[in-house]
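Before any comments, here is the structure.
In my numbering, the protein residues as written are 2 to 282.
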């Protein structure tokens, strides 16, 4: 005797069999996606690839990997440069900060990139400009320190006869670091007071900072550099025609860079008031 299930009879019949055609069956896409490359990898995946190059063994091997990142891997392309510099800067930043001379201060990362610990934010901020291009000039000093330190570490590991020379870092922390930090502070205070033009994120059109400076045109930050010595600081204006020092103020040896920067911005205001048609754009 055959027992008929009423529920089974109510179910629809299975779909008819169709031979495989040009359309791929689900869940596979109908279009073939090109293979991923180093350029198209997501930033967090690329960062993971860089971290996987480090061995879990001796410290000497890890130093050689850092040396290889500095001299070779970061030069492959923009994305690899960003990933390698993220690793190198986060590795050497504590040591760099510990070597800052008193009463100097340090802030090598751009103010806008508060999330520098995130590689995604770093890569997003670098898509509109060169990966080596940044308005924060102290970051260049940090990169110089990294290049010098990785070389000294590897040479010391390779030979007991090689001694790390303290004078190698003397110019960095006695001159380059405080001068670059002073320029960044002048940039910050000058943009706030409207005497220095702040570029847009695209780097194409400068805009004027908020200030009551009237119709005085601000000076582009790219045209300014700082002169630094233990007894005096100044601002040097570079144009196509010449380079000249437009502002100079004395400073005490124990004077902070923040105080020196504010004095330079105050003097720059006076210079702009007396030279409204300075012609620098």
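All C-beta atoms in this analysis are idealised placements derived from N, C-alpha and C, irrespective of residue type, glycine included.
Does the region 260 to 273 come close enough to the region 171 to 189 that 3 or more CB-CB pairs lie under 8 angstroms? yes
Between the alpha carbons of residue 44 and residue 105, how many angstroms are there, rounded? The count along the chain shown starts at 1 and reaches residue 44 at position 43. The count along the chain shown starts at 1 and reaches residue 105 at position 104. When rounded, the distance between both Cα atoms is 34 angstroms.
Reference residue 195; option with closest CA among 13, 271, 238: Mapped onto the chain shown, residue 195 falls at position 194. Selected option, being the one with the closest Cα: 271.
Starting from residue 1, trace the alpha helix (DSSP H) in both directions and tell me its first and last residue. Residue numbering for the chain in the displayed model covers 2 to 282; residue 1 lies beyond these limits and cannot be assessed.
Buried versus exposed call for residue 147 [16 or more other C-beta atoms within 10 Å across all chains shown]: Mapped onto the chain shown, residue 147 falls at position 146. It counts as buried.
Could you check what DSSP says for residue 245 in three-state terms: helix, strand or coil? The sequence position of residue 245 within the chain shown is 244, counting from 1. Residue 245 falls in the strand class under three-state DSSP.
Using DSSP with H/G/I as helix, E/B as strand and the rest coil, what is residue 58? Taking the first residue of the chain shown as 1, we reach residue 58 at position 57. Three-state DSSP puts residue 58 in coil, outside helix and strand.
Contact defined as beta carbons within less than 8 angstroms: I believe residue 236 pairs with residue 247. What is the distance between those atoms, to the nearest angstrom? Here residue 236 corresponds to residue number 235 of the chain shown, with the count starting at 1. Here residue 247 corresponds to residue number 246 of the chain shown, with the count starting at 1. With a Cβ gap of about 6 angstroms, residue 236 and residue 247 count as contacting.
In chain order, what residues of the same chain lie with their CB nearer than 7 angstroms to the CB of residue 231, ignoring the 5 residues before and after it? The count along the chain shown starts at 1 and reaches residue 231 at position 230. Closer than 7 angstroms at the Cβ level, and outside the excluded window around residue 231, lie 254.
Residue 80 and residue 37 - do their beta-carbons sit closer together than 9 angstroms? Residue numbering aside, residue 37 sits at position 36 when the chain shown is read from its first letter. Residue numbering aside, residue 80 sits at position 79 when the chain shown is read from its first letter. No; because the gap between Cβ atoms is not below 9 angstroms, this pair is not in contact.
What did DSSP end up calling residue 170 once you bin it into helix, strand or coil? Taking the first residue of the chain shown as 1, we reach residue 170 at position 169. Looking at residue 170 - three-state DSSP - the assignment turns out to be coil, as it is neither helix nor strand.
If I measure Cβ to Cβ from residue 61 and keep anything under 6 angstroms in the same chain, skipping five residues before and after, which residues do I get? Here residue 61 is taken as the residue at index 60 of the chain shown, counted from 1. Correct list, in chain order: 158.
Write down the C-beta distance between residue 101 and residue 55 rounded to the nearest angstrom, noting that I regard them as a contact closer than 8 angstroms. Residue numbering aside, residue 101 sits at position 100 when the chain shown is read from its first letter. Residue numbering aside, residue 55 sits at position 54 when the chain shown is read from its first letter. Residue 101 to residue 55, Cβ: 27 angstroms. No contact.
By the DSSP assignment, the beta strand (DSSP E) with residue 239 in it spans what residues? One-based indexing of the chain shown puts residue 239 at position 238. From DSSP, the beta strand (DSSP E) with residue 239 extends over 233 to 239.
CA nearest to the CA of residue 191, picked from 252, 273, 73: Position 190 of the chain shown, counting from 1, holds the residue named residue 191. When 252, 273, 73 are compared, the shortest CA-CA separation from residue 191 is found for 273.
Between 71, 51, 251, which lies nearest to residue 154 when the distance is taken from Cα to Cα? Residue 154 sits at position 153 when you count from the first residue of the chain shown. Selected option, being the one with the closest Cα: 71.
From what residue to what residue does the alpha helix (DSSP H) around residue 73 run? By 1-based counting over the chain shown, the position of residue 73 is 72. Note, residue 73: premise wrong, no alpha helix (DSSP H); not H, not E.
Can you tell me whether residue 181 is buried or exposed? The criterion is at least 16 other CB atoms within 10 Å of its CB, across all chains shown. Residue mapping note: residue 181 aligns to position 180 of the chain shown, counting from 1. By the neighbour-count rule (16 or more Cβ atoms within 10 Å), residue 181 is buried.
Which residue comes first and which comes last in the alpha helix (DSSP H) that contains residue 228? One-based indexing of the chain shown puts residue 228 at position 227. Residue 228 -> not in any alpha helix (DSSP H); beta strand (DSSP E) instead, spanning 225 to 229.
Please work out which residues of its chain come closer than 6 angstroms, Cβ to Cβ, to residue 68, disregarding the five sequence neighbours upstream and downstream, and give them in chain order. Translated into positions along the chain shown, residue 68 becomes position 67. Closer than 6 angstroms at Cβ, skipping near neighbours: 151, 155.
Look at residue 224 and residue 240 and say whether their C-beta atoms are less than 9 angstroms apart. Indexing the chain shown from 1 puts residue 224 at position 223. Indexing the chain shown from 1 puts residue 240 at position 239. In contact: residue 224 and residue 240 (Cβ atoms closer than 9 angstroms).
Hey, residue 40 and residue 78: beta-carbon distance below 9 angstroms or not? Translated into the one-based positions of the chain shown, residue 40 becomes position 39. Translated into the one-based positions of the chain shown, residue 78 becomes position 77. Yes; because the gap between Cβ atoms is below 9 angstroms, this pair is in contact.
Which partner residues of residue 197 appear in the DSSP bridge assignment? On the chain shown, position 196 is the one that residue 197 refers to. 220.
In chain order, what residues of the same chain have a beta carbon less than 8 angstroms from the beta carbon of residue 64, not counting five sequence neighbours either side? Here residue 64 corresponds to residue number 63 of the chain shown, with the count starting at 1. Within the same chain, residue 64 has close Cβ partners 151, 154, 155, 158.
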